[in-house]
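J.:
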Amino acid sequence: MARFVLSLHTPPSDHDTSQRIIKFANACLSQGHTIDAIFLYQQGVYHASTHFDLASDELQIGALWQKLSSQNINLMLCVTAAEKRGLDTSNTGVFSVAGLAEFAMLVSDADKWVQFK
Amino acid sequence: MARFVLSLHTPPSDHDTSQRIIKFANACLSQGHTIDAIFLYQQGVYHASTHFDLASDELQIGALWQKLSSQNINLMLCVTAAEKRGLDTSNTGVFSVAGLAEFAMLVSDADKWVQFK
Amino acid sequence: MSTLHIFSKPLNYYSANQLENLISLDDRVLLLGDACFASKQFKQFSDALLVLEEDAHVRAIKLSHNETPISYDEFVALTLTSTQLITW
Amino acid sequence: MSTLHIFSKPLNYYSANQLENLISLDDRVLLLGDACFASKQFKQFSDALLVLEEDAHVRAIKLSHNETPISYDEFVALTLTSTQLITW
Amino acid sequence: MINVLVMSQSSPFDDLNLRDALDMTLIFAAVDQNISWLFSGPAVLALKKHQTPSTVGIKDFFKNIKTLEIYDVENIYVCEKSLLDYGLSKTDLLIDAHTMTFSEQQTLIKKQHHVVTL
Amino acid sequence: MINVLVMSQSSPFDDLNLRDALDMTLIFAAVDQNISWLFSGPAVLALKKHQTPSTVGIKDFFKNIKTLEIYDVENIYVCEKSLLDYGLSKTDLLIDAHTMTFSEQQTLIKKQHHVVTL
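Protein chains in written order, with this note's numbering: chain H, 23 to 139; chain Y, 23 to 139; chain U, 444 to 531; chain S, 444 to 531; chain D, 9 to 126; chain F, 9 to 126.
As structure tokens, this is what we get:
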């Protein structure tokens, strides 16, 4: 069984990439692989906002992250990327605030790093 | 004297476009033109966040917007664009929340609409 | 020992990248999202393109004979049998 | 009656847009930001390119003889003497 | 009444670009301006029939594009060359859009008060 | 110790892409991995000397690129063809980067455990 790290670089308005990283993550887990982290970087940090107001026919990305987090995946966001982009880092929902060093160490131990953008 | 509407489509992490729209706006005003609105649209809505944490050698975009707003310019953001992107629309600093219709009416009366991206 | 090259947009989105010079003959090319619309444009990089089946289906795209449909499970497996991954 | 075409990135960022077919001979082309690095690439659209002087200066770019430096005041004036503006 | 042209060049699921363009088009129609919408490059794929984004949880905005005619948005234009590039013919399209050569597109641009790229 | 390659293809002031790549490069050096950074396309312009973004209020990240050597980041590579495309020679560059042909770039990629595009 392999160890994965996934990074997400697109903002939450990119619904297509958002649904794809969730499905990829679920496929990893269902095959018995480990996901050491999903890391929000660049515009991806905005996924950790808690202020979405979406119609019911829109991709419910918050609920999808919630569901993933309940499977014990480490959902992280890059704190410096977030601070520069105006994300409220004191209120990041299911994502935990992390430094780039922590992420780099997880990547160093992982078998595969897959970027989503 | 002419009436301008400016729209900003890039996120606050695009420092280059950010400083350029501010300078263009100031040049308009110093020539005696009117700016009926600066409108945040698409990723531009994130400019209205109040949670930036920037080092002192970074572009101080918040202060620049503040200075523009003190010159009586209508700083607006598109509410639907913001809600979809997770911006906290109850706390948007010097920007006021507006609908696309309000913007379209301002454009219809303006001499020039300049996009910044 | 093959690299997996991953695209999610039509080729014009990547024009700066001089891709034709960086993709080896034995590399694999996987199309996701809106890249599925543009499989013809990617043929120059690989004779046998891999296409995420679900994304092609959503876009009403019928795959041609030298395009291999890939499930999410196969996508995961592909990353493990590739020595490098590049998401362009 | 000329359209002002505004660019802020090198030409490869706009490859989908079939620009050569949409820019008329009597149109004007203004380069901002990182487009200033790539003035040679934009020569095909207009013999006389306009370049935002401050952006070129920041990037240590020396303008050649058929590139006209433009101040912010001139940029504002240009938008008023153009019938259409297109920010690509 | 002023002429406003929305130009789309993004691929259909590139962020919300096509939906933003749709909103912009509808709103200018709603405030009684003469709005046109031009699709070129990969944006022409947003007019392709039978797409089903809701099966992956994404809003079906193709449904909304189909309603443009109801809202009196009649000036929908498609770059002829771009259709060719993506192997599409007029019968593959959701709506009855007018195809345009490049020179027709130039003429369209020259008629506008405002042109917006989204 | 693993091999990680950061690939930059954005123009210098395109969002924070070049700065994100710089951060990523420095952090992998800091956690003692064998990091390489390859500049191609308009990204090679981020190595051009004498740029002064601070005069327009933008952080001078060129200063930070110059310090890479201090942090033991030695594998900085530049696409030879891209330098040519932008009329740059090695003496125009901030730092002593190694130029690479496409086939050398392919070889570099094949040596990596992880490749990240930023």
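Even for Gly, the Cβ is constructed at its ideal location relative to N, Cα and C.
Apart from the five residues just before and just after phenylalanine 61 of chain H, which ones in its own chain have a Cβ nearer than 6 Å to its Cβ?
T.: The answer, listed in chain order, is Ser29, Met98, Phe125.
J.: Starting from isoleucine 449 of chain U, follow its DSSP beta bridges and name the residues at the other end.
T.: Isoleucine 449 of chain U pairs with U:Leu473, U:Thr530.
J.: Take isoleucine 393 of chain S as the anchor and find which of S:Gln461, S:His448, S:Val494 has the nearest alpha-carbon.
T.: Absent from the structure is residue 393 of chain S, since the part of chain S shown begins at 444 and ends at 531.
J.: Which whole runs of the alpha helix (DSSP H) in the region 79-139 of chain Y are 4 residues long or more, in chain order?
T.: DSSP runs (the alpha helix (DSSP H)) wholly in the region 79-139 of chain Y: 83-91, 101-107, 122-131.
J.: In chain order, what residues of the same chain lie with their CB nearer than 6 Å to the CB of valine 12 of chain D, ignoring the 5 residues before and after it?
T.: Cβ within range, chain order: Phe36, Gln41, Ile43, His122.
J.: Of the choices D:Pro61, D:Glu82, D:Met108, D:Phe21, whose alpha-carbon is the least far from that of leucine 92 of chain D?
T.: That would be D:Met108, whose Cα lies nearest to the Cα of leucine 92 of chain D.
J.: Quick one: is serine 35 of chain H near chain D, going by C-beta distance under 9 Å?
T.: Closer than 9 Å to some Cβ of chain D, the Cβ of serine 35 of chain H qualifies, so yes.
J.: What does DSSP give as the partner residues of histidine 106 of chain D in its beta bridges?
T.: DSSP lists D:Tyr85 as partners of histidine 106 of chain D.
J.: Excluding the 5 residues flanking isoleucine 449 of chain U on each side, which residues of the same chain have their C-beta closer than 7 Å to its C-beta?
T.: These residues qualify, in order along the chain: Leu473, Leu475, Leu528, Ile529, Thr530, Trp531.
J.: My output table needs one value for aspartate 100 of chain D: the three-state DSSP class, helix, strand or coil.
T.: The answer is helix: DSSP assigns aspartate 100 of chain D an H, G or I state.
J.: Report yes or no: do the region 489-505 of chain S and the region 106-113 of chain Y share at least 3 C-beta pairs separated by less than 8 Å?
T.: In short, these stretches do not touch, since the Cβ pair count stays below three.
J.: Residues of the region 35-55 of chain H with a CB closer than 8 Å to any CB of chain U: list them in chain order, please.
T.: Answer in chain order: Asp38, Thr39, Arg42, Lys45, Phe46, Asn48, Ala49, Cys50, Ser52, Gln53, His55.
J.: Does the distance from the C-beta atom of tyrosine 79 of chain F to that of leucine 53 of chain F stay below 9 Å?
T.: Not in contact: tyrosine 79 of chain F and leucine 53 of chain F (Cβ atoms no closer than 9 Å).
J.: In whole angstroms, give me the CA-to-CA distance for leucine 86 of chain H and alanine 59 of chain H.
T.: Roughly 16 Å separates the two Cα atoms.
J.: Which partner residues of valine 27 of chain H appear in the DSSP bridge assignment?
T.: The partner list for valine 27 of chain H (beta bridge, DSSP) reads H:Ala59, H:Trp135.
J.: The alpha helix (DSSP H) spanning glutamate 497 of chain S covers which residue range?
T.: Per DSSP, glutamate 497 of chain S belongs to the alpha helix (DSSP H) from 496-501.
J.: May I ask you to list, following chain order, the residues of the region 20-50 of chain D that have a beta carbon less than 8 Å from some beta carbon of chain Y?
T.: Taking 8 Å as the Cβ-Cβ cut-off against chain Y, the residues of the region 20-50 of chain D that qualify are Asp23, Leu24, Asn25, Asp28, Asp31, Met32, Ile35, Phe36, Ala38, Val39, Gln41.
J.: Considering only residues of the same chain and omitting the five flanking positions on each side of asparagine 113 of chain H, which have a CB-CB separation below 7 Å?
T.: Within the same chain, asparagine 113 of chain H has close Cβ partners Thr72.
J.: What are the boundary residues of the beta strand (DSSP E) that leucine 454 of chain U is part of?
T.: Neither: leucine 454 of chain U is in no beta strand (DSSP E) and is coded neither H nor E.
J.: Are the beta-carbon atoms belonging to valine 81 of chain F and threonine 115 of chain F less than 9 Å from one another?
T.: No, they are not a contact pair.
J.: Please identify, using Cβ separations under 8 Å, the residues of the region 90-103 of chain H that lie next to chain D, in order along the chain.
T.: Result list empty, no residue passes.
J.: For lysine 505 of chain S, does the count of other Cβ atoms within 10 angstroms reach 16, so buried, or fall short, so exposed?
T.: Exposed is the call here.
J.: Tell me where the beta strand (DSSP E) around leucine 13 of chain D begins and ends.
T.: That run of the beta strand (DSSP E) goes 11-16.
J.: Closer than 8 Å, Cβ to Cβ, to anything on chain S: give me those residues from the region 122-139 of chain Y, in chain order.
T.: Hits within the stretch, in order: Asp133, Lys134, Trp135, Val136, Gln137, Phe138, Lys139.
J.: Using a beta-carbon distance cut-off of less than 7 Å, what residues from the region 64-76 of chain F approach chain Y?
T.: Residues passing the 7 Å Cβ filter: Val64, Gly65, Ile66, Lys67.
J.: Closer than 9 Å, Cβ to any Cβ of chain H: which residues of the region 472-490 of chain U, in chain order?
T.: Against chain H - using a Cβ distance shorter than 9 Å - the residues of the region 472-490 of chain U are Leu475, Gly476, Asp477.
J.: Leaving out five residues before and five after valine 86 of chain F in sequence, what residues of the same chain have Cβ atoms less than 6 Å from its Cβ?
T.: Closer than 6 Å at Cβ, skipping near neighbours: Phe47, Val52, Ala105, Thr107.
J.: Pull up the distance between the alpha-carbon of glutamate 510 of chain U and that of leucine 26 of chain D, whole angstroms please.
T.: Cα-Cα distance, rounded: 28 Å.
J.: Let me make sure I understand the geometry here. Which of U:Asp470, U:Leu454, U:Ser482 has the alpha-carbon closest to that of threonine 526 of chain U?
T.: Nearest C-alpha to threonine 526 of chain U: U:Asp470.
J.: Relative to the C-alpha of aspartate 498 of chain U, which candidate in H:Ala70, H:His37, H:Asp133 has its C-alpha closest?
T.: The residue with the shortest Cα to Cα distance from aspartate 498 of chain U is H:His37.
J.: Check whether chain Y comes within 9 Å of serine 62 of chain F, counting only Cβ atoms and requiring the distance to be less than that.
T.: So yes, serine 62 of chain F belongs to the interface.
J.: Which runs of the beta strand (DSSP E) at least 3 residues long sit entirely within the region 34-91 of chain D? Give them in chain order.
T.: As far as the region 34-91 of chain D is concerned, its whole beta strand (DSSP E) runs of at least 3 residues are 42-47, 83-87.
J.: Examine chain S for any beta-carbon lying closer than 9 Å to the beta-carbon of histidine 58 of chain F, and answer yes or no.
T.: With 9 Å as the cut-off, histidine 58 of chain F counts as an interface residue toward chain S.
J.: What residue range is occupied by the uninterrupted alpha helix (DSSP H) comprising isoleucine 43 of chain H?
T.: Isoleucine 43 of chain H -> alpha helix (DSSP H) spans 37-52.
J.: Would you decide whether asparagine 94 of chain Y is buried or exposed? Buried here means 16 or more other CB atoms lie within 10 Å of its CB.
T.: Under this definition asparagine 94 of chain Y is an exposed residue.
J.: Check the Cβ of aspartate 469 of chain S against every Cβ in chain Y and list those closer than 9 Å, keeping chain order.
T.: Going along chain Y, no residue has its Cβ under 9 Å from aspartate 469 of chain S, so there is no contact; the nearest lies around 19 Å.
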